[in-house]
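Per the numbering used here, the very first residue in the sequence shown carries number 168; after that it's consecutive. Even glycine gets a Cβ: it sits at the ideal position worked out from N, Cα and C.
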Amino acid sequence: MIVLAIGFFMFGVVTGAFFIALFAARAYDKGELKGYEDGKREGFNLGRGLVD
């Protein structure tokens, strides 16, 4: 029973971390996080440099 409880706890931690990462990524895509525009511009320039 204790093993089962630990298993459920670990499963909850993993799924919780996954959902937190998912929501953070969605917020980042929407540009809600601070400094997003700078990072997007740098990434775009980096991508253009690689393409050229």
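Cα-Cα separation between residue 183 and residue 192, rounded to whole angstroms: If you number the sequence shown from 1, residue 183 lands on position 16. If you number the sequence shown from 1, residue 192 lands on position 25. Going by the C-alpha atoms only, they are around 14 angstroms apart.
Coarse secondary structure for residue 168, derived from DSSP in three states: For the purposes of this step, residue 168 is taken as residue 1 along the sequence shown, with counting starting at 1. Residue 168: coil per DSSP, three-state reduction.
Between the CA atoms of residue 185 and residue 175 - distance to the nearest angstrom: On the sequence shown, position 8 is the one that residue 175 refers to. On the sequence shown, position 18 is the one that residue 185 refers to. Their Cα atoms are separated by approximately 15 angstroms.
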